[in-house]
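What follows is a set of notes on a single structure, which appears directly below.
Numbering (our numbering), first residue to last: -19 to 139.
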């Protein structure tokens, strides 16, 4: 099995922020609409929580302070554009170095800003994904039981 390279553009995450904020106005609770990598990063920045609705179905709920989360990350909550690249660089570093792309902490962000921390300049994030399908060049497809039975019958008839 091989690996595929995937890239998350900063613009994709900003578009997902706007999509989620428009889809999920506070205090609404709605069903999830997707879990792509940029979507997960946007969910983390907005502080969207997973839960269950009254009927037990999966749901999303945005936190009341989502606008302050975005401001701490250097993003304008009205236009969903980056207004402070220093803060955004710190937030982007949190999102891209965590195992879970939803692991953005507003509290950690504020502490790092107060300490005067700096981060590398934000750029499109590239990561590797394990292929689910076998690599055709290296692995032969497995035979199912039916094909094995047919081969054994044909072998017996031939021999």
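We put the CB at the ideal spot given by N, CA and C, even for glycine.
DSSP state of residue 119 mapped onto helix, strand, coil: For residue 119, the pLDDT reaches just 49, beneath the cut-off of 50, and the residue's location in the model is therefore unreliable, although a value from the coordinates is still provided. Under the three-state reduction of DSSP, residue 119 is assigned to coil, being neither helix nor strand.
Run of the beta strand (DSSP E) containing residue 74, from where it starts to where it stops: Taken as a continuous stretch (DSSP letters only), residue 74 belongs to no beta strand (DSSP E), being part of the alpha helix (DSSP H) at 65 to 77.
Residue 60 vs residue 102 beta-carbon contact at 9 Å: Their beta carbons are not under 9 Å apart, which means residue 60 does not touch residue 102 by this criterion.
Assumed close pair residue 90, residue 52 - CB separation to whole angstroms, cut-off 8 Å: Taking a contact as a CB-CB distance under 8 Å, the pair residue 90 and residue 52 counts as one, their CB atoms being some 6 Å apart.
The segment 35 to 47 touching the segment 60 to 80, judged by at least three CB pairs closer than 8 Å: At 8 Å Cβ cutoff, the stretches do not touch.
Residues of its chain near residue 105, where Cβ-Cβ distance is below 6 Å and the 5 sequence neighbours each way are ignored: Taken in chain order, the residues that qualify are -12, 76.
Which of helix, strand or coil DSSP assigns to residue -16: Strand, per DSSP.
Three-state class that DSSP yields for residue 55 in the structure shown: In this structure, residue 55 counts as strand in the three-state DSSP scheme.
Status (buried if at least 16 other CB within 10 Å, exposed otherwise) for residue 84: Counting the other CB atoms within 10 Å of its CB gives residue 84 a total of 16 or more, which places it among the buried residues.
CA nearest to the CA of residue 40, picked from 70, 6, 57: Among 70, 6, 57, the Cα nearest to that of residue 40 belongs to 6.
Rounded Cβ spacing between residue -4 and residue 12 (contact assumed at less than 8 Å): Between residue 12 and residue -4 the Cβ distance is about 13 Å, and since that is not below 8 Å, they are no contact.
Beta-bridge partners of residue 30, as assigned by DSSP: DSSP, once it has assigned bridges, lists 40 as partnering residue 30.
Backbone secondary structure at residue 15 - three-state DSSP: Under the three-state reduction of DSSP output, residue 15 falls in the coil class, being neither helix nor strand.
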